[in-house]
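K.L.:
Read left to right, the sequence shown gives residues 778 to 1137 (the numbering used here).
Note that CB positions come from ideal geometry on N, CA and C, so glycine has one too.
Only a predicted model underlies this, so the values are computations on that prediction, with no experimental measurement involved.
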Amino acid sequence: MKVGIIGFANLRYMPYIKYYTDIFDKHEVQYEIIYWNRRGLVEEWHAETFAFTEKMDDSVPKINKISAMLRFGKFTKNKIMERKYDFLVILTSIPAILLGNYIKKTYSFRYVVDIRDYTYEGFYIYRHNLKGILNKAAMRVISSPAFKNFLPLDDYIICHNLSISRDTDRNIRTKKPRNKNVLNISYIGAIAYFAEVAKLLDAIANDSRFIFLFYGSGVDDQALKTYCLANGINNVYFHGMYKPSEKEAFYGETDLIFNAYGADVRNTKLLLSNKLYDAAWYRIPILVSPGTAMFEMAKYMGFELNFEKATIADDLYNWYNELDWERFKVTADTLINKAFDDNKKFKGKLLSTLKMKARD
């Protein structure tokens, strides 16, 4: 069997691809990856890859991306026809839409659609076409139960954004003192959501109780550096891009994980970020936005950043130092164990769909 995996971004920015490739590697399933190299990066993988190389800035309005999307769709369809795959894994709904009629006809019940975010589902024609594609899919995968609110009624299986190996040092943070005079707030990953980050920067600006650390690059890292300089905010640190192997060490120095992206748009309101599972695994408190699925899932682990309160810095500092760490541990362990169990069910479903037995 030969599987084609279709990705809509750079390999670096699709950590969820490993949920499939790890299973395929372990079970000796041959696979190839077709993806969009939007950032012109040199990327390597241990399997065959085919990159559609056309630079596309994330900040470009969605309507202006359509022509490039169509070119990606044509490139992908041609490559699928050339490589003659037995089965397809389509990551996110947009490439599924671009390949819609072709996969429904040629790969009926021989493809997976994996949905990781909210895109154009608010448009009737998009949602209608997606419904037809999902009806012909062998599996429909979502990363957040809240996605059912905008997706067509169907059977979905959850695969959490859980990119953690059980081999990692879970105690890298807990083996150090919890109560500190200065709290490190870490934003790790693709730096974006300027407006929400700026609100927190303003709230803790030059407050000696906090340091805001940024690890990674993204659409807003330069703008945030400029903002800090312009406003004289000094209790910040910008690391820049990092290797995946460095991430664990960053968490070892983290007291609070930043994941407060707001609830103004449907995507940030409904998604469950990989940082939720990082927080649960390493047992580190997480900052979340009110009215989001992240806040509902985080429960005792999460602090709700309500920027309407003038006392937010004091409230955050006091909340952290008054945490019941035993209760926190129970909450974190319950969440992470449920996520691992759900992903194990996903693995079993994928293998049964491919008519293979699991190798534990």
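Quick check: the region 1062-1069 against the region 1037-1053, are there 3 or more CB pairs under 8 Å?
P.N.:
In short, these stretches touch, since the Cβ pair count reaches three.
K.L.:
Considering just the uninterrupted stretch of the alpha helix (DSSP H) at THR826, what are its terminal residues?
P.N.:
First-last for THR826: 825-830, but that is the beta strand (DSSP E), not the alpha helix (DSSP H).
K.L.:
Report the rounded CA-to-CA distance for LYS908 versus THR853, giving the unit in angstroms.
P.N.:
Straight-line Cα distance between these residues: approximately 21 Å.
K.L.:
If contacts are defined as beta-carbon pairs under 8 Å, then PHE971 and ALA1000 qualify, I think. What distance do you get, rounded to the angstrom?
P.N.:
The Cβ separation is near 6 Å, so the contact holds.
K.L.:
Given a threshold of 16 other Cβ atoms within 10 Å of its Cβ, counted over all protein chains shown, does GLY899 qualify as buried or as exposed?
P.N.:
Classification for GLY899: exposed.
K.L.:
List the DSSP bridge partners of GLY1017.
P.N.:
DSSP output for GLY1017 lists TYR992 as bridge partner(s).
K.L.:
Which runs of the beta strand (DSSP E), 3 residues or longer, sit entirely within the region 816-865?
P.N.:
List check, beta strand (DSSP E) in window: 825-830.
K.L.:
Identify every residue that forms a DSSP beta bridge with PHE971.
P.N.:
Note: PHE971 sits in no beta bridge, so no partner.
K.L.:
Exposed or buried, GLY995, counting other C-beta atoms within 10 Å across all chains shown (16 or more means buried)?
P.N.:
The residue in question, GLY995, is buried, as its Cβ has 16 or more Cβ neighbours within 10 Å.
K.L.:
Do you know offhand how far MET916's Cα is from SER870's?
P.N.:
If I take the Cα positions, the gap works out to 13 Å.
K.L.:
Along the chain, where does the alpha helix (DSSP H) containing ASP1055 start, and where does it finish?
P.N.:
1051-1059 is the span of the alpha helix (DSSP H), which, as asked, contains ASP1055.
K.L.:
If you reduce the DSSP assignment to three classes, tell me which class ASP891 lands in.
P.N.:
In this structure, ASP891 counts as strand in the three-state DSSP scheme.
K.L.:
Please classify LYS952: does DSSP put it in a helix, a strand, or coil?
P.N.:
Note: LYS952 maps to coil in three-state DSSP.
K.L.:
Can ASN1036 and LYS1052 be called in contact, C-beta distance under 8 Å?
P.N.:
Closer than 8 Å, so yes.
K.L.:
What first and last residue would you give for the alpha helix (DSSP H) that runs through PHE1027?
P.N.:
It spans 1024-1029 - the alpha helix (DSSP H) in which PHE1027 sits, taken as one unbroken run.
K.L.:
May I ask you to list the residues that DSSP assigns as paired with TRP813?
P.N.:
In the DSSP output, where bridge partners are listed per residue, TRP813 has PHE829.
K.L.:
Look at the alpha carbon of LYS1106 and the alpha carbon of SER942, and state the distance between them as a whole number of angstroms.
P.N.:
Whole-angstrom Cα-Cα distance: 19 Å.
K.L.:
How do the region 979-995 and the region 953-961 stand: do at least 3 beta-carbon pairs fall below 8 Å, yes or no?
P.N.:
Contact between the region 979-995 and the region 953-961 is present, because at least three Cβ pairs lie under 8 Å.
K.L.:
Which word fits ASN814, buried or exposed, when buried means at least 16 other C-beta atoms lie within 10 angstroms of its C-beta?
P.N.:
Buried.
K.L.:
Does DSSP put PHE801 in a helix, a strand or coil?
P.N.:
In this structure, PHE801 counts as helix in the three-state DSSP scheme.
K.L.:
With respect to the alpha helix (DSSP H) encompassing ASN1120, which residues constitute its N-terminal and C-terminal limits?
P.N.:
Where ASN1120 is concerned, the enclosing alpha helix (DSSP H) stretches over 1102-1130.
K.L.:
For LYS795, which residues of its own chain have a beta-carbon under 7 Å away from its beta-carbon, when the five flanking residues on both sides are left out?
P.N.:
Here the set comprises SER940.
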